Amino acid sequence: MPPFLSSVVLLLLTVTSVGILLAHQWRWLVIFLAVQYVGVFLFALEHLPLGMATVKVIAGWMGAAILAMTRSYDDEAEKAGDFLPQGRFFRLTAAAIVGLIAFTAAPQVDALMGDAGAALAAGSLLLVGMGLLHLGMTDQPMRVTAGLMTVLAGFEVLYAAVENSVLVAALLAVITLGLALTGAYLMTAARLAEELSAEEKEEAEAA
Amino acid sequence: MNAPLIWIVFPAALALLLMLTQNKRLLSLSGGAVAAFLAIAAQFVPLEEAFRVGSMSIRIESSLNILGRQLIIQPSEGPLLALLYGATALWFFGAEASQSASKFVPLGFLITSLMIASIAVEPFLYAALFIEMVVLLSVPLVTSLYQPPGKGIIRFLIYQTLAMPFILLSGWLLAGVESSPGNLSLAAQSAAVLGLGFAFLLSIFPLYHWMPMLMEEAPPFAAGFLLWILPTVTLIFGAGFIDRYSWLRTSPELIVVLRYSGLIMLVTGGVWAAFQNHLGRIMAYGVVAETGFALLALSLDLRLGIPILFLLFPARALGLALWSLALTVLKPHADSLRYSQVRGALRQFPLAVTGIVLASLSVSGLPLLAGFPPRLALWDSLARVAPDAALWMGVGVVGLFTASFRMLAVMSMAEEYSGWELGENWLQGIMLGLGATGLFILGIFPQTVQYFLAALPSMFEHLGR
């Protein structure tokens, strides 16, 4: 991939991963997540055949769609206090620190991973770091799922450079979808627990 | 016919079929019977050898190709499969008594078959991918669709998912170390990545705090199953790493790391358990201590440590099954499993309380119970090579005993004139009685399991030889 295009993809991943961290509305979160997988696809294309790279983006989009469909049943605005700390400035600063670490460590990781490519290593570390930051800030099922998908997307970018097994690609796609489904299950559980009365819950459990 | 089809694909397909059934008794009995059949077949049916059934000659191949890679069940892995499916059968039969069979049996079958796949897959480090699938499947197992997800399950999902990238990356890095053994910095980096992966996967201190949280939130029987199968298979997977890489096997630092992590797990698990006021949390810390015992076994000379590790497994499976079944019997009758709510429970649920106390005493290593023989062997071997470590092991064991006797004291503190009742139904009574008897049999006659365990070390190329 030409260096200019690598930089564009890296910029795209920076925007989407920071966007996921800052987004208050679930729609924006899902849009950023879906666009993020385009960046993952472009980086994966450096080392994988088109078919295998496509599997990653399709799995990611399906995962994002699953989250969006589940969340659309409960369209209330996110409650204040659920996603701490609230300040966008704080989150932006934390994201900047993660970005700084990712870009600083990228050359060493690039060397360690068999010359995967500096931009690719930076993109991978950035996604992993942003995902971890996200996981450290929330325990909401949807955001936890998005955080884990971001971490795994970062890992997939790096791992594609050293492993091109079809089985691994298939299993990673299954795991991405499984994560989204698990997130959807937990989101549904949280919603039903709020909506149903105690008697209705007992009836449903018994059934 | 081939082995992965029989012990991986068939149970997974059966699990999907069982999801259509709502009859809990049928689910429990059929699931338990099939799991027991698979265990017996794994122990006695030879692989890669022709044998006759009536007029038919059958040969079971050991490998199955899947997307360019292989699932291989070696003939030497038969006893391990027997152990895993045998213990699974135990849990499935107990599921009827715990009234949790409807999703427990199908998901349990899927989880067990994926765990077997993680042992069978080649290259073996892909096991991390199968273990991650197990983690994802475990979420519906231990949560209800009608209860808000608690912090324990969220942390479980995060920590176990984070393990997978580390394990996969370490596998790639370790291959590099094998090809250039002189590169010390690469060896250190790969060992650090591998260590992090297993720290997440085995929930090494301080990454185990999801366990007590989960035991507070989740149905004890399902959570107990998860806390049995995940660490057991992960330990075998970890031993596989040590077996494959000679530099890791011969590294003196590995012994130190394993010994100190084992001691930290055991001491913190034991001491924390002693100060808990919730029966579920105490069981969780018991599981933490069990992992500590296993890590200590791996830190010994592996010719001795591997047989001790395998000797720990049956006691762990039976002890946890009994403990979690007994907690499941108590839970619907108390607002929570806190001491304040279960005080005097011995007079209403004598069998369940006996089960809890016996299982916790077995984990502590009380003589005559299943946990005693492996702990005695471990303590003896540890004292020969590291007396200070043996002393710390004693601290952990004292903590576990304290927790057990505190539980016994609280649950026997009934009102002075309250009478005795039998709150368990007949099936629960039978299952609890069988479990308790099993703990005594394994404790008094540990050689009964030697028939299965003796051949287990042969599944490794170098360890235990």
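Protein sequences appear in the order of chains C and A. Residue numbers for the first sequence follow the working numbering, so the first one is 6 and each next one is one higher. Residue numbers for the second sequence follow the working numbering, so the first one is 16 and each next one is one higher. Every residue gets a Cβ at the ideal spot worked out from N, C-alpha and C, and that includes glycine. None of the values given here were measured: they were computed from a predicted structure.
Within chain C, no C-beta atom comes less than 7 Å from the C-beta of M226(A); the nearest is roughly 17 Å away. Think of a sphere of 7 Å around the beta carbon of G212(A): no beta carbon from chain C falls inside it, the nearest being about 12 Å out. For S170(C), at least one C-beta of chain A is nearer than 8 Å to its own C-beta. Contact between L294(A) and L216(A) fails: their C-beta atoms lie close to 26 Å from each other, not under 8 Å.
Contact between the stretch 148-159 of chain C and the stretch 41-48 of chain C is present, with at least three C-beta pairs closer than 8 Å.
When V120(A), I219(A) and S113(A) are compared, the shortest CA-CA separation from A50(A) is found for V120(A).
Taking C-beta atoms under 8 Å as the contact rule, I279(A) and F220(A) qualify, at a distance of about 5 Å.
With a threshold of 8 Å between beta carbons, I173(A) makes contact with chain C. With a contact defined as Cβ atoms closer than 8 Å, G183(C) and T150(C) miss out at about 11 Å.
The stretch 463-474 of chain A and the stretch 85-105 of chain A touch, with no fewer than 3 CB-CB distances between them shorter than 8 Å. M147(C) sits in a helix when the DSSP states are folded into three classes.
For M228(A), there is no enclosing beta strand (DSSP E); the residue is found in the alpha helix (DSSP H) stretching over W225 to E232.
Flagged as an interface residue toward chain C: S159(A), by a C-beta distance shorter than 8 Å. Straight-line measurement puts the Cα of R362(A) at about 6 Å from the Cα of E436(A). Within the model, the alpha-carbon separation for V400(A) versus L326(A) is close to 20 Å.
At a C-beta separation below 7 Å, M426(A) has no neighbours in chain C, since its nearest C-beta there lies roughly 27 Å away.
Listed along chain C is no residue with a C-beta nearer than 7 Å to that of W407(A); the closest approach is about 32 Å.
From the listed residues W243(A), S77(A) and V272(A), the smallest Cα separation to L335(A) is found for W243(A). Contact annotation: the stretch 57-77 of chain A touches the stretch 16-36 of chain A, with at least three C-beta pairs closer than 8 Å.
Pairwise C-beta distances place the stretch 56-67 of chain C out of contact with the stretch 18-26 of chain C, as fewer than three of them are shorter than 8 Å. In terms of beta-carbon proximity, G83(A) lines the interface with chain C, with at least one pair separated by less than 8 Å. For D120(C), the closest Cβ of chain A is not nearer than 8 Å. Near chain A, meaning a CB-to-CB distance below 8 Å, the residues of the stretch 178-191 of chain C are V179, I180, G183, L184, L186, T187, Y190 and L191. About 7 Å separates the Cβ atoms of A142(A) and I134(A), confirming a contact at the 8 Å cut-off. Measuring C-alpha to C-alpha distances from V173(C) to each of F139(A), E305(A), D395(A) and D258(A) identifies F139(A) as the nearest. When Cβ-Cβ separations below 8 Å define contact, T193(C) makes contact with chain A. Contact between G285(A) and G414(A) is confirmed by a C-beta separation of about 3 Å, below the 8 Å threshold. For L117(C), the nearest beta carbon of chain A is closer than 8 Å to its own beta carbon. Cα atoms of V167(C) and M179(A): separation of roughly 16 Å, rounded to the nearest angstrom. The Cβ neighbour count for T463(A), taken over all protein chains shown within 10 Å, is under 16; the residue is labelled exposed. In the three-state reduction of the DSSP assignment, M428(A) falls in the coil class. About 18 Å separates the beta carbon of M298(A) from that of S355(A), a gap too long to meet the 8 Å contact definition.
For M71(A), no alpha helix (DSSP H) run applies; the uninterrupted beta strand (DSSP E) run containing it begins and ends at M71 to R74, by DSSP. DSSP places S133(A) inside the alpha helix (DSSP H), whose first and last residues are A116 to A135. In terms of Cα proximity to P196(A), the closest of T265(A), K346(A) and A418(A) is T265(A). In the structure shown, V60(A) falls within a coil segment according to DSSP collapsed to helix, strand and coil.
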